[in-house]
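A.B. asks:
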Amino acid sequence: VLNETDEFYLGVDAFNQQDYKKAHHIWEQSWKRLRNSENRFYLKPFIMLTVSYQNYLHDKKTGGDYLFKKALDRLLEIESRLGNLIDINSLILQIKDALVMESSTRRFNGIQVKTMRIS
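Numbered according to the numbering used here, the sequence shown spans residues 876 to 994.
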């Protein structure tokens with residue numbers, strides 16, 4: 876049985892392999908399972924990022940843009956609480972840099988979530 880952190884990292888691995896659908900599924904299942912826990916706060920921006928990508932794939936640019944920016948806002952709100960899981964500063968900078976790109980799905984090219992886990 877995976878613990879919450881290991882499951883989060885499974886989602887990160889899928890995200891970093893550009894399997895956004897799988898990452899979304901993993902994080903959404905964690906979100907649902909933790910529904911009564913305050914510990915699920917950190918999952919929301921990652922779910923938003925993956926849904927943003929799905930919106931772009933289906934030519935829903937407005938929704939994709941909204942979720943992409945909202946994910947950044949959420950990450951900025953909770954950045955001090957994520958430092959033990961990921962390199963939050965790196966992710967925030969990558970997303971800010973990607974916001975200037977015209978092509979929506981290309982925004983995700985190169986975005987990698989760097990973890991703080993010890994292998």
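Cβ atoms here follow ideal geometry from the backbone N, Cα and C, with glycine treated the same way.
Starting from G939, trace the alpha helix (DSSP H) in both directions and tell me its first and last residue.
C.D. replies: Run containing G939: 936-957, per the alpha helix (DSSP H) assignment.
A.B. asks: Which of the three DSSP states, helix, strand or coil, is assigned to I986?
C.D. replies: coil
A.B. asks: Would you call R982 buried or exposed, if buried means 16 or more other Cβ atoms sit within 10 Å of its Cβ?
C.D. replies: buried
A.B. asks: Is S979 closer than 8 Å to G939 when the C-beta atoms are compared?
C.D. replies: Yes.
A.B. asks: From what residue to what residue does the alpha helix (DSSP H) around D881 run?
C.D. replies: 879-891
A.B. asks: Which value, in whole angstroms, describes the spacing of the CA atoms of Q966 and Y884?
C.D. replies: A small fix is needed here, since residue 966 is Leu in this sequence, not Gln. Their backbone Cα atoms lie some 15 Å apart in a straight line.
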